[in-house]
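In our numbering, the protein residues as written are 567 to 760. Structure first, commentary second.
Next comes the structure, spelled out in structure tokens:
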């Protein structure tokens, strides 16, 4: 990548970061292109040159946010932490993200996720599920997950939860329950066993 391409990529990242910060705090609707441009240190014309419209910018922010959160997720899964520490990190990050994200942005993300199910289902099946299988195998080896639990049962549970959470009447109310849902996923209704 030459100097021009590096500067262009950096400028695009600056715009995405600025828009994400504003969307996290105020939602997608409230921040104007002028506010995003000011935060990113670019002109409004530059934003339109890169993204054509606020809707396209919001969609690109959605993809950027998914990439960032996926990278954090995979960093935890691939770390040297033992199973309980990985689970705590995953739950903590989920709770932290839930507390930081504006409800309007969360709804936008869930609508886009529902509209692009095939793309995200493929991502989940090809990358996330195998990583989770490794995590559960680690949990089984360390005595934290029932060794008789099949990967198919885990996949069924993930799929059922994923399908249910994509319903608009559910995802519009699920944000305050994020930590509880993560705890249910990892520990069931009986709660964490020591």
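Virtual Cβ for every residue (Gly too), placed ideally from N, Cα, C.
Query raised in the report: Quick one: what's got a C-beta closer than 8 Å to residue 578's C-beta in the same chain, skipping five residues either side?
Result: 616
**Report entry** For residue 711, the three-state DSSP class (helix, strand or coil)
**Finding:** coil
Requested in this report: Tell me, to the nearest whole angstrom, how far the beta carbon of residue 727 is from that of residue 751; I am working on the premise that it is less than 8 Å.
Outcome: 7 Å
Query raised in the report: Taking the Cβ atom as the reference point for each residue, do residue 584 and residue 623 lie within a distance shorter than 8 Å?
Result: no
Requested in this report: Could you say if the segment 668-680 and the segment 588-597 meet the contact criterion of at least three C-beta pairs nearer than 8 Å?
Outcome: yes
Query raised in the report: According to the neighbour-count rule (16 or more other Cβ atoms, all chains shown, within 10 Å of its Cβ), is residue 603 buried or exposed?
Result: buried
Query - Rounded separation between residue 589 and residue 689 - CA only - result: 24 Å
Query - Beta-carbon gap between residue 633 and residue 606 smaller than 8 Å - result: no
**Report entry** Boundaries of the alpha helix (DSSP H) in which residue 636 is found, first to last residue
**Finding:** Element bounds for residue 636: 620-643.
Report task. Starting from the C-beta of residue 631, find all residues in its chain whose C-beta is less than 8 Å away, skip the five residues before and the five after it, and write them out in chain order. Result -> 586 and 675
Query - CB contact flag (residue 627, residue 582, <8 Å) - result: Against a cut-off of 8 Å, the Cβ pair of residue 582 and residue 627 comes out as a contact.
Query raised in the report: Is it buried or exposed for residue 709, if we count other Cβ within 10 angstroms and need 16 for buried?
Result: Exposed, since its Cβ has fewer than 16 Cβ neighbours within 10 Å.
Report task. Quick one: give me the first and last residue of the alpha helix (DSSP H) that residue 604 is part of. Result -> 599-606
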